[in-house]
Amino acid sequence: MSTQRQQPETESEADSAETETAQERRLDEKRRRAEERERERVEAEERIAADAERYHLKVFRYDPEVEGKQEPRFDDFHVPYEPGMTVLDALIYARDQFDASLTFRHSCRQAICGSDALFVNGRQRLGCQTQLSDLDQPVRIEPLPHQEVVKDLVVDMEHFYDQMEAVEPYFQTTDRPDGELEEQRQSRENREKIKKSTRCIWCGACMSSCNIAAGDNQYLGPAAINKAYRFAMDEREGEDMKQRRLEIVEEEHGVWRCQTQFSCTTVCPKDIPLTEHIQELKREAVKSNLKFW
Amino acid sequence: MYEYDVIVVGAGGAGLRAAIAAQEAGADVAMVTKLHPVRSHTGAAEGGINAALRDGDDWELHAYDTMKGSDYLADAPAAEALTQESPKEAIQLEHWGMAFSREDDGTVSQRPFGGLSFPRTTYAGAETGHHLLHTLYEQVVKRGIEVFDEWYVLNLAVTDEDDPDERTCHGVVAYETATGNVEAFRARDGVILATGGLGQVYDHTTNAVANTGDGVAMAYRAGVPAEDMEMIQFHPTTLPSTGVLISEGVRGEGGILYNDEGERFMFEHGYAKNDGELASRDVVARAELTEVNEGRGIEDEYVHLDMRHLGEERIVDRLENILHLAADFEGVDGLEEPMPVKPGQHYAMGGIETNEYGQTCVDGLYAVGECACASVHGANRLGGNALPELTVFGKRAGTHAAGGETEDPEIPVGKTDDAEPGDVETPVELGEPWTSEAVADGGATAETGEAVVERALERERERVNRLLERDEGTQHAEIRAAVQHTMTENVNVFREEEALKEALVDIHAARQRYRDVYVADPSSTYNTDLIQTIETRNLLDIAEMITVGALAREEFRGAHWRKQYQERRDDEWLKHTMVSWNDGRPELWYKPVVLDGENQTYEPKERSY
Numbered sequence: 001m002s003t004q005r006q007q008p009e010t011e012s013e014a015d016s017a018e019t020e021t022a023q024e025r026r027l028d029e030k031r032r033r034a035e036e037r038e039r040e041r042v043e044a045e046e047r048i049a050a051d052a053e054r055y056h057l058k059v060f061r062y063d064p065e066v067e068g069k070q071e072p073r074f075d076d077f078h079v080p081y082e083p084g085m086t087v088l089d090a091l092i093y094a095r096d097q098f099d100a101s102l103t104f105r106h107s108c109r110q111a112i113c114g115s116d117a118l119f120v121n122g123r124q125r126l127g128c129q130t131q132l133s134d135l136d137q138p139v140r141i142e143p144l145p146h147q148e149v150v151k152d153l154v155v156d157m158e159h160f161y162d163q164m165e166a167v168e169p170y171f172q173t174t175d176r177p178d179g180e181l182e183e184q185r186q187s188r189e190n191r192e193k194i195k196k197s198t199r200c201i202w203c204g205a206c207m208s209s210c211n212i213a214a215g216d217n218q219y220l221g222p223a224a225i226n227k228a229y230r231f232a233m234d235e236r237e238g239e240d241m242k243q244r245r246l247e248i249v250e251e252e253h254g255v256w257r258c259q260t261q262f263s264c265t266t267v268c269p270k271d272i273p274l275t276e277h278i279q280e281l282k283r284e285a286v287k288s289n290l291k292f293w
Numbered sequence: 294m295y296e297y298d299v300i301v302v303g304a305g306g307a308g309l310r311a312a313i314a315a316q317e318a319g320a321d322v323a324m325v326t327k328l329h330p331v332r333s334h335t336g337a338a339e340g341g342i343n344a345a346l347r348d349g350d351d352w353e354l355h356a357y358d359t360m361k362g363s364d365y366l367a368d369a370p371a372a373e374a375l376t377q378e379s380p381k382e383a384i385q386l387e388h389w390g391m392a393f394s395r396e397d398d399g400t401v402s403q404r405p406f407g408g409l410s411f412p413r414t415t416y417a418g419a420e421t422g423h424h425l426l427h428t429l430y431e432q433v434v435k436r437g438i439e440v441f442d443e444w445y446v447l448n449l450a451v452t453d454e455d456d457p458d459e460r461t462c463h464g465v466v467a468y469e470t471a472t473g474n475v476e477a478f479r480a481r482d483g484v485i486l487a488t489g490g491l492g493q494v495y496d497h498t499t500n501a502v503a504n505t506g507d508g509v510a511m512a513y514r515a516g517v518p519a520e521d522m523e524m525i526q527f528h529p530t531t532l533p534s535t536g537v538l539i540s541e542g543v544r545g546e547g548g549i550l551y552n553d554e555g556e557r558f559m560f561e562h563g564y565a566k567n568d569g570e571l572a573s574r575d576v577v578a579r580a581e582l583t584e585v586n587e588g589r590g591i592e593d594e595y596v597h598l599d600m601r602h603l604g605e606e607r608i609v610d611r612l613e614n615i616l617h618l619a620a621d622f623e624g625v626d627g628l629e630e631p632m633p634v635k636p637g638q639h640y641a642m643g644g645i646e647t648n649e650y651g652q653t654c655v656d657g658l659y660a661v662g663e664c665a666c667a668s669v670h671g672a673n674r675l676g677g678n679a680l681p682e683l684t685v686f687g688k689r690a691g692t693h694a695a696g697g698e699t700e701d702p703e704i705p706v707g708k709t710d711d712a713e714p715g716d717v718e719t720p721v722e723l724g725e726p727w728t729s730e731a732v733a734d735g736g737a738t739a740e741t742g743e744a745v746v747e748r749a750l751e752r753e754r755e756r757v758n759r760l761l762e763r764d765e766g767t768q769h770a771e772i773r774a775a776v777q778h779t780m781t782e783n784v785n786v787f788r789e790e791e792a793l794k795e796a797l798v799d800i801h802a803a804r805q806r807y808r809d810v811y812v813a814d815p816s817s818t819y820n821t822d823l824i825q826t827i828e829t830r831n832l833l834d835i836a837e838m839i840t841v842g843a844l845a846r847e848e849f850r851g852a853h854w855r856k857q858y859q860e861r862r863d864d865e866w867l868k869h870t871m872v873s874w875n876d877g878r879p880e881l882w883y884k885p886v887v888l889d890g891e892n893q894t895y896e897p898k899e900r901s902y
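Residue numbers (my numbering), protein chains in the order written: chain A, 1 to 293; chain V, 294 to 902.
And the structure:
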């Protein structure tokens with residue numbers, strides 16, 4: 001719209017012209033403000049668009065020591081995404097930038113220390129090994145199920161460690177070579193046979209995923225049985241020791257409790273065929289018992 | 294108060310081996326570790342264990358390679374102890390059931406590694422450290438050795454004589470992570486520090502988050518000198534986005550490095566005309582960065598490590614773990630494409646000054662493994678020499694602390710008559726005492742060991758309470774990030790005077806901010822905020838020691854490259870950099886390198902590969 005004006009000729013005309021000018025100024029100001037608001041709106045939209053680059057985490061919180069956290073709840077965190085970012089990276093960001101009290105175990109961040117097994121979007125995974133981009137949002141992060149929660153994402157691992165130690169998890173043989181520089185030889189085939197079982201990093205994911213372990217606190221569980229497998233199948237320990245190991249895993253809360261649900265194998269971050277190992281020990285146990293009958 | 298003959302702090306390879314040895318020598322042993330033993334960073338070691346096991350090889354060749362690799366900054370008695378005892382220790386591990394890779398005849402396999410004149414690296418796939426850690430822990434379980442896991446050692450309990458050489462260590466004070474309790478541990482015979490690396494002082498590192506140099510910082514503040522701290526190893530092959538380690542085993546098996554122009558630069562640009570990719574680590578790390586700096590890097594950041602030509606069978610047999618790491622952490626299929634790699638902080642060659650039995654100048658205080666400097670690695674550690682260091686010196690220290698039979702050490706510790714004062718111009722005053730409050734020397738002079746430990750306990754309880762009571766200020770994460778950033782920017786592979794000075798200014802600023810540090814989490818249950826705050830305090834001292842040593846050493850030796858000084862200067866610098874805590878400020882001094890071995894003197898020669 002054109003706003004061209006003529007020179008005022010009379011006083012009244014001059015008055016009205018002045019009013020018109022003031023109005024004009026107000027309009028200009030309004031337009032300016034509108035423009036500013038529009039710019040703000042666009043910027044806000046841009047920010048929201050950028051926020052879409054943020055990952056939405058829903059993280060389990062609980063602390064028996066702090067009144068406000070004694071009732072378990074989920075906290076939301078929005079973490080800016082960078083390519084290659086893992087669940088652990090996101091948790092570290094959330095802790096360092098938003099809430100220093102957010103508590104979880106972690107150390108090596110390369111899938112070997114086994115300390116950051118978590119329940120992420122309904123499955124046991126290592127935080128450091130799980131890419132955020134592989135997950136649906138919001139990413140739900142919880143402590144391992146079926147373990148007592150100590151605080152936030154930290155669970156009590158004592159029971160898991162006790163079960164690992166219940167299978168006599170150390171090499172035992174009476175057949176040592178004489179010389180201190182002489183190996184007790186092992187065939188390549190035999191090493192290959194036990195190789196996968198030796199990869200266990202004690203993360204506890206398998207135990208947490210196992211329905212049987214959840215219902216039977218005394219069940220040795222997949223990790224401990226796999227540890228027994230590692231030694232029972234090692235040819236260097238000899239037949240007598242193998243018998244002893246089979247007796248341990250054959251006890252009431254041992255291999256026969258396994259119902260072959262494969263959940264341990266599914267979640268193992270080191271791809272250990274846990275269920276297969278348990279089945280193989282069942283077969284070995286049957287075979288060795290048959291010998292005596 | 295808990296009481297044992299020997300207390301081992303840290304439960305990685307060195308700590309576990311020390312505990313086993315001490316127990317075998319008759320001691321009542323406890324281990325105190327901030328993680329659980331199987332979570333220790335030894336588990337991340339990939340490559341292998343150097344041990345002269347075969348015909349055609351012997352410990353003297355291994356010792357020669359080690360001294361040459363160190364650029365003549367290792368002490369010969371330590372290097373010879375390492376190489377003489379490594380075969381026995383490697384086979385001991387085999388007798389404990391360790392699943393080494395095998396030859397057709399059932400003996401353990403060995404492969405070539407950088408800087409070695411014989412293929413003497415014994416290995417278990419590309420996950421040797423994982424096997425070693427678990428094998429040693431199994432033996433600790435078998436022996437029923439007591440382990441206090443997730444107990445963070447806050448400080449040592451050391452007497453307070455003016456001269457550190459006259460002090461005695463009587464125990465440690467530790468914080469139980471699960472409950473927030475601070476408790477004392479008295480050691481009747483000795484405390485062995487086996488707290489591992491300090492890589493968290495950098496932001497691109499292969500080291501675990503737990504590797505914060507706690508042992509070095511604690512010993513330093515108790516008066517033990519830190520030795521050769523400027524000697525930081527940068528591993529040539531780490532994944533660019535995370536710092537995850539790609540084993541030297543890849544190059545040992547025949548992996549090739551290429552630049553963006555597809556050139557095999559180690560040969561084509563003359564970095565190592567004989568050994569190429571298998572030159573020692575400092576040489577390869579510098580070559581890669583030079584390629585990047587001269588515009589031949591890929592995406593201006595990294596180079597390629599290619600192992601495809603080795604064939605799937607061999608890769609899966611010997612390097613399977615590498616395929617998983619490349620896929621999980623970089624999204625690269627090592628069978629189909631080359632892997633991106635760049636140098637990353639990997640190992641601290643320096644550390645707590647010890648002799649070849651792990652003894653420090655403080656009576657009853659030992660250090661072994663990466664936190665210690667015996668010194669076997671000098672200015673550059675050979676790949677495959679860290680794991681035998683753990684076992685050999687772990688065993689020696691454990692035996693010695695428990696009063697077992699040993700010989701007289703040849704390496705002197707503490708300030709002897711040979712000490713030469715150091716002098717360096719710094720842009721700011723170092724080691725401001727305000728951050729030393731209540732964390733200095735371990736205890737007042739007291740009549741009994743118990744009293745020393747009680748005093749230390751009291752002081753640490755006060756320190757923890759003070760940190761928890763404050764409810765505003767600066768958070769550790771901010772300070773830690775600032776230190777990591779400046780170290781990576783300014784104290785990396787290539788070092789220049791101005792940058793080193795800038796780092797000291799930044800560290801000084803971080804110290805000032807630490808005055809206002811506070812712990813946001815008030816909880817006494819699993820308070821990682823508190824532990825990380827104390828770790829960050831340790832990182833400040835570590836960063837400063839590294840940087841001041843680097844600024845002072847005006848020469849080019851091993852991993853220590855200085856722009857203005859492009860030559861090794863044996864006439865002036867064939868000596869160890871020592872930093873001592875002097876009322877809150879670092880005091881720089883030097884001690885001679887011991888080049889005399891059992892049968893020969895290792896005369897410095899020009900190092901070529």
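Note that the Cβ used here is the ideal one computed from N, Cα and C, for glycine as well.
Element boundaries [beta strand (DSSP E), containing Ser873/V]: The residue you call residue 873/V lines up with position 580 of the second sequence. Looking at the DSSP string, the run of the beta strand (DSSP E) that includes Ser873/V is 868–875.
Please report how far the alpha carbon of Gln6/A lies from the alpha carbon of Arg26/A, in whole angstroms. Reading the first sequence from its first residue, position 6 is the one you call residue 6/A. Reading the first sequence from its first residue, position 26 is the one you call residue 26/A. Any reading at Gln6/A is ruled out, since the residue's pLDDT is 46, under 50, leaving its predicted position unreliable.
From the DSSP secondary-structure annotation, give me the bridge partner or partners of Gln131/A. Numbered from its first residue, the first sequence carries residue 131/A at position 131. In the DSSP output, where bridge partners are listed per residue, Gln131/A has Thr86/A.
Mind checking which residues open and close the alpha helix (DSSP H) that includes Val484/V? By one-based count along the second sequence, residue 484/V stands at place 191. It is not in any alpha helix (DSSP H) - Val484/V instead sits in the beta strand (DSSP E) that spans 475–486.
Going by alpha carbons, who is nearest to Tyr895/V out of Ala304/V, Ala356/V, Leu346/V? Position 602 of the second sequence, counted from the first residue, corresponds to residue 895/V. The candidate whose alpha carbon is nearest that of Tyr895/V is Ala356/V.
Is the segment 483–501 of chain V in contact with the segment 654–663 of chain V, if contact means three or more CB pairs nearer than 8 Å? yes
Which residues, in order along the segment 61–87 of chain A, keep a beta-carbon less than 7 Å from a beta-carbon of chain V? Asp63, Pro64, Glu65, Val66, Gly84
On the DSSP bridge list, what partners appear for Cys108/A? Residue 108/A sits at position 108 when you count from the first residue of the first sequence. None, per the DSSP bridge assignment.
Contacts that Tyr819/V makes with chain A (C-beta to C-beta distance below 7 Å): Position 526 of the second sequence holds residue 819/V. Neighbours of Tyr819/V on chain A, chain order: Thr103, Val150, Lys151, Val154.
So, is the C-beta of Glu183/A closer than 9 Å to a C-beta in chain V? The residue you call residue 183/A lines up with position 183 of the first sequence. So yes, Glu183/A belongs to the interface.
Here's a check: name, in chain order, each residue in its chain whose Cβ is nearer than 6 Å to the Cβ of Val286/A, leaving out the five neighbours to either side. By one-based count along the first sequence, residue 286/A stands at place 286. Closer than 6 Å at the Cβ level, and outside the excluded window around Val286/A, lies no residue.
Leaving out the 5 sequence neighbours to the left and right, which residues in its chain are closer than 6 Å to Ala731/V when beta-carbon positions are compared? Numbered from 1 along the second sequence, position 438 holds the residue referred to as residue 731/V. Residue placement at Ala731/V cannot be trusted, given a pLDDT of 40 that sits under 50; what the coordinates show is reported in the next sentence. Same-chain partners within the cutoff: Arg752, Arg756.
Against chain A: residues of the segment 322–344 of chain V by CB proximity under 8 Å: Leu328, His329, Val331, Arg332, Ser333, His334, Gly336, Ala337
Give a yes or no on whether the C-beta atoms belonging to Asn783/V and Asp809/V are separated by under 9 Å. Position 490 of the second sequence holds residue 783/V. Position 516 of the second sequence holds residue 809/V. Cβ atoms of Asn783/V and Asp809/V: not closer than 9 Å.
With burial defined as no fewer than 16 other Cβ atoms inside 10 Å of the residue's Cβ, what is the status of Lys566/V: buried or exposed? As a working note, residue 566/V is residue 273 in the second sequence. By the 10 Å Cβ count, Lys566/V comes out exposed.
Quick one: Cα of Glu570/V to Cα of Leu582/V, how far? In the second sequence, the residue the question calls residue 570/V occupies position 277. In the second sequence, the residue the question calls residue 582/V occupies position 289. Cα to Cα, the separation comes out at about 14 Å.
Val537/V: contacting residues in chain A (beta-carbon distance under 7 Å): The residue labelled residue 537/V in the question sits at position 244 within the second sequence. Neighbours of Val537/V on chain A, chain order: Gln110.
At least 3 beta-carbon pairs within less than 8 Å: the segment 442–454 of chain V vs the segment 661–678 of chain V: no
Going by DSSP, what residues sit across from Cys666/V in a beta bridge? Along the second sequence, one-based indexing puts residue 666/V at 373. Beta-bridge pairing links Cys666/V to Glu646/V.
Chain-ordered residues of the segment 154–178 of chain A with a beta carbon less than 9 Å from chain V: Val154, Asp156, Met157, Tyr161, Met164, Glu165, Glu168, Pro169, Tyr170, Phe171, Gln172, Thr173, Arg176, Pro177
Please list the terminal residues of the continuous beta strand (DSSP E) segment that includes Thr684/V. Taking the first residue of the second sequence as position 1, residue 684/V is located at position 391. Here Thr684/V belongs to no beta strand (DSSP E); instead the alpha helix (DSSP H) covers 679–694.
Using a cut-off of 8 Å between C-beta atoms, extract the partners of Ser379/V located in chain A. Translated into the one-based positions of the second sequence, residue 379/V becomes position 86. Neighbours of Ser379/V on chain A: none; closest Cβ ~11 Å, over 8 Å.
Can you give me the start and stop residues for the beta strand (DSSP E) that Cys206/A sits inside? Counted from its first residue, the first sequence places residue 206/A at position 206. Unbroken run through Cys206/A is the alpha helix (DSSP H), 205–209; no beta strand (DSSP E).
Closer than 8 Å, Cβ to any Cβ of chain A: which residues of the segment 607–627 of chain V, in chain order? His617, Leu618, Asp621, Phe622, Glu623, Gly624
Report, in whole angstroms, the separation of the C-beta atoms of Gly306/V and Leu491/V, which I expect to be a contact under 8 Å. Counting from one through the second sequence, the residue named residue 306/V turns up at place 13. Counting from one through the second sequence, the residue named residue 491/V turns up at place 198. Going by Cβ atoms, the distance from Gly306/V to Leu491/V rounds to 16 Å, so no, they are not a contact pair.
Listed by chain order, chain A residues near Val810/V by CB distance under 9 Å: Taking the second sequence and counting its residues from 1, the one referred to as residue 810/V is at position 517. The contacting residues do not exist; Val810/V stays about 11 Å from chain A at best.
CB-CB length for Asn758/V against Gly473/V, believed under 8 Å: One-based indexing of the second sequence puts residue 758/V at position 465. One-based indexing of the second sequence puts residue 473/V at position 180. Asn758/V to Gly473/V, Cβ: 10 Å. No contact.
So, Gly542/V versus Ile591/V, is the Cβ gap smaller than 9 Å? In the second sequence, the residue the question calls residue 542/V occupies position 249. In the second sequence, the residue the question calls residue 591/V occupies position 298. Their beta carbons are not under 9 Å apart, which means Gly542/V does not touch Ile591/V by this criterion.
Neighbourhood of Arg806/V by C-beta distance below 8 Å, restricted to the same chain and skipping five residues each side: One-based indexing of the second sequence puts residue 806/V at position 513. Thr767, Glu771, Ile772, Ala775.
Proximal chain A residues relative to Thr400/V, where beta-carbon distance stays under 8 Å: Counted from its first residue, the second sequence places residue 400/V at position 107. Glu183, Arg185, listed in chain order.
Any Cβ of chain A within less than 9 Å of the Cβ of Glu454/V? Start at 1 with the first residue of the second sequence, and residue 454/V comes out as number 161. Chain A contact via Cβ: absent.
Contact the segment 61–73 of chain A vs the segment 460–471 of chain V: 3+ CB pairs below 8 Å: no
Can you pull the chain A residues whose beta carbon is under 9 Å from the beta carbon of Lys435/V, in chain order? Translated into the one-based positions of the second sequence, residue 435/V becomes position 142. Simply Glu168, Pro169, Tyr170, Phe171, Gln172.
My guess is that Gly408/V and Asp442/V are in contact by the Cβ rule of under 8 Å, so how many angstroms apart are they, rounded? One-based indexing of the second sequence puts residue 408/V at position 115. One-based indexing of the second sequence puts residue 442/V at position 149. The Cβ separation is near 36 Å, so there is no contact.
For Val543/V, is the beta carbon positioned less than 8 Å from some heavy atom of the ligand NAD? No copy of the ligand NAD occurs in the structure displayed, which carries no ligand at all.
Taking the alpha-carbon of Met164/A as reference, which of Gly122/A, Ile194/A, Ile225/A has the nearest alpha-carbon? Working through the first sequence from its first residue, we reach residue 164/A at position 164. Checking every option, the nearest Cα to that of Met164/A belongs to Ile225/A.
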